[in-house]
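In terms of this note's numbering, the sequence shown is residues 7 to 290.
For each residue, glycine too, the CB sits at the ideal point set by N, CA and C.
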Amino acid sequence: MIEEIEDQDFYQCDFTTASQWEIFIARLEEVIHEWKLPQIKKGPLLKKGELTDGEWEEKSEQIIFADVNFTLTRYNLKLTLLEDLVSPIEEDNENVKNQALDDIMSMENVFPPQCDGGNVNGRYNTRPHPLARWYGLRDFMVLAPARGFDISTESKVKILLSSVYMAVNNSNCQIPIFVQIHDPWQHFYMGVCESKGVRSEFEMVHLRRTPPHCKYLTGLLNLFKSKIASPLSLEPVTVSVRFTYVLRDWTSSTWTQEPPDFELPARGDPRGGGAGKTTLWGNI
Numbered sequence: 007m008i009e010e011i012e013d014q015d016f017y018q019c020d021f022t023t024a025s026q027w028e029i030f031i032a033r034l035e036e037v038i039h040e041w042k043l044p045q046i047k048k049g050p051l052l053k054k055g056e057l058t059d060g061e062w063e064e065k066s067e068q069i070i071f072a073d074v075n076f077t078l079t080r081y082n083l084k085l086t087l088l089e090d091l092v093s094p095i096e097e098d099n100e101n102v103k104n105q106a107l108d109d110i111m112s113m114e115n116v117f118p119p120q121c122d123g124g125n126v127n128g129r130y131n132t133r134p135h136p137l138a139r140w141y142g143l144r145d146f147m148v149l150a151p152a153r154g155f156d157i158s159t160e161s162k163v164k165i166l167l168s169s170v171y172m173a174v175n176n177s178n179c180q181i182p183i184f185v186q187i188h189d190p191w192q193h194f195y196m197g198v199c200e201s202k203g204v205r206s207e208f209e210m211v212h213l214r215r216t217p218p219h220c221k222y223l224t225g226l227l228n229l230f231k232s233k234i235a236s237p238l239s240l241e242p243v244t245v246s247v248r249f250t251y252v253l254r255d256w257t258s259s260t261w262t263q264e265p266p267d268f269e270l271p272a273r274g275d276p277r278g279g280g281a282g283k284t285t286l287w288g289n290i
């Protein structure tokens with residue numbers, strides 16, 4: 007005799023249940039579609055200084071993954087409505103670069119000035135965002151953990167990067183997305199930009215000391231060419247350099263000359279006939 011066994015006596019495993027990681031990726035895709043990012047069209051080339059002088063828009067969404075609150079924020083430069091217009095020929099052309107690559111390669115976006123953005127939520131901000139200044143981007147997203155929780159281990163970084171890789175690929179989003187790593191004040195980001203047949207990965211490294219070969223232009227050029235690793239002869243490389251000087255305890259140093267009296271009118275000033283002052287930096 008075959009004994010009848012009820013279904014409730016069997017252990018059933020539902021393999022269709024989504025994991026936390028899959029839910030996290032799906033939520034990223036959902037936000038991307040809610041913001042209609044896959045439908046964003048290419049805009050005109052930016053003018054010099056527009057990244058700094060232009061008006062920036064921000065929008066954010068909260069996402070939970072592994073009991074940690076994340077904030078996905080989109081930063082985009084507000085332009086005219088012509089930004090959303092594109093010709094059908096250009097849209098179907100596979101050789102047309104996406105907006106991010108055009109902005110990165112534009113010399114007009116190199117080293118835009120940095121302005122004071124004020125104190126927001128107890129943090130000192132600059133304008134535009136550091137990623138806009140470093141890469142010349144007009145539109146990008148940043149995935150950052152909640153305050154008090156930093157992404158510092160390699161395993162966590164790989165999981166988050168894999169998540170954003172899959173999300174932008176599945177949603178056909180061509181806007182770069184970055185993951186904020188370590189403490190916020192370090193401004194350490196890693197990201198990706200997916201376009202037609204091209205994947206651009208954004209990586210950075212913080213060094214305690216500058217390697218000797220990176221202190222000179224020749225070493226930087228050799229490093230750049232080695233990263234390209236092209237078997238063909240390379241075209242001439244255009245280099246842009248910005249020097250930053252830090253004055254430490256300059257008030258305790260001895261001045262080589264008497265400081266100028268700025269209350270006296272300068273030479274040639276129609277408001278008065280006082281003699282101009284000469285400083286280390288020229289006449290005033």
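- Message: With three or more C-beta pairs closer than 8 Å as the rule, is the segment 106-120 touching the segment 157-164?
- Response: With the cut-off at 8 Å, the segment 157-164 and the segment 106-120 do not touch.
- Query: Do three or more CB pairs link the segment 213-227 to the segment 79-86 at distances below 8 Å?
  - Reply: Using a C-beta cut-off of 8 Å, the segment 213-227 makes no contact with the segment 79-86, since fewer than three inter-stretch Cβ pairs fall below that distance.
- Message: I need the DSSP call for Pro-94, collapsed to helix, strand or coil.
- Response: As a first step, residue 94 must be located in the sequence shown, where it is residue number 88. Low local confidence applies: a pLDDT of 41 at Pro-94 is under 50, so the model's placement there is unreliable, with the coordinate-based value given in what follows. Here Pro-94 sits in helix by DSSP.
- Task: Please list the segments of the beta strand (DSSP E) lying wholly inside the segment 10-81, counting only runs of 3 or more residues, in order along the chain.
- Result: With a minimum length of 3 residues, the unbroken runs of beta strand (DSSP E) contained wholly in the segment 10-81 fall at 62-71.
- Item | 8 Å contact criterion, which Ala-150 and Gln-192 should meet: CB distance rounded | Stepping through the sequence shown from its first residue, residue 150 is reached at position 144. Stepping through the sequence shown from its first residue, residue 192 is reached at position 186. Actually they do not touch by this definition, with Cβ atoms about 12 Å apart.
- What are the start and end residues of the beta strand (DSSP E) that includes Ile-299? Here the chain comprises residues numbered 7 to 290, so residue 299 is not present and cannot be evaluated.
- Query: Can you tell me where the alpha helix (DSSP H) with Ala-106 in it begins and where it stops?
  - Reply: Looking up residue 106 in the sequence shown gives position 100. Element bounds for Ala-106: 105-111.
- Tell me, which residues are paired with Asp-145 by DSSP? Residue numbering aside, residue 145 sits at position 139 when the sequence shown is read from its first letter. Listed as beta-bridge partners of Asp-145 by DSSP are Asn-82.
- Message: Is the beta carbon of Gln-180 closer than 8 Å to that of Asn-104?
- Response: Taking the first residue of the sequence shown as position 1, residue 104 is located at position 98. Taking the first residue of the sequence shown as position 1, residue 180 is located at position 174. Asn-104 places its beta carbon less than 8 Å from that of Gln-180.
- Task: Mind checking which residues open and close the beta strand (DSSP E) that includes Ile-183?
- Result: By one-based count along the sequence shown, residue 183 stands at place 177. Note, Ile-183: beta strand (DSSP E), 183-187.
- Item | N-terminal and C-terminal residue of the alpha helix (DSSP H) that Gly-197 is part of | Taking the sequence shown and counting its residues from 1, one reaches residue 197 at position 191. No alpha helix (DSSP H) contains Gly-197, which is instead part of the beta strand (DSSP E) from 194-201.
- Task: Return the first residue and the last residue of the alpha helix (DSSP H) that Ser-206 is part of.
- Result: Looking up residue 206 in the sequence shown gives position 200. Counted as a single uninterrupted DSSP element, the stretch harbouring Ser-206 is not any alpha helix (DSSP H) but the beta strand (DSSP E) occupying residues 204-208.
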